[in-house]
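Asker: Structure below; questions to follow.
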Amino acid sequence: MELTTDTPSGRPPLQRHYFRGGDRVIRRDGLEGQVVETTALYALVRWTGELRTWVEQHDPSVAILQRGDSIRQPEPATDPSPRFV
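Here the sequence shown stands for residues 6 to 90, where the numbers follow the numbering used here.
Printed below as a string of structure tokens:
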């Protein structure tokens, strides 16, 4: 994935927010992952290739690509017909 940014270094702009479960993240070396678990100080990230590591919540080398709550989950199928029992 190629990143285009307005930062002088060409690195992704960092968001200074705590990681949450489900967030898509990227390291400065380009490796992408997803936050699996969080604590007050650390987040467990599953990187591409199934490697899992703990990262500090304010690690400057990891940026949020997409918030977990903005990843839409499919709506459950509903049956529009009423059921009488």
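Glycine residues also receive a C-beta, built at the ideal position from the N, C-alpha and C atoms. Quantities reported herein were computed from a predicted structural model and do not represent experimental measurements.
(1) Please state whether the Cβ-Cβ distance between T53 and E42 is less than 7 Å.
(2) Taking all protein chains shown into account, decide if D28 is buried (16 or more other Cβ within 10 angstroms of its Cβ) or exposed.
(3) Less than 8 Å between the CB atoms is what I'm expecting for I31 and L70, so what's the real figure, rounded?
(4) Near V60, which residues of its chain fall below 7 Å by C-beta distance, leaving aside the five closest residues on each side in sequence?
(5) Can you look up G73 in the DSSP assignment and give me helix, strand or coil?
Answerer: The answer reads as follows:
(1) no
(2) buried
(3) 5 Å
(4) Y47, A48, V50, V67
(5) helix
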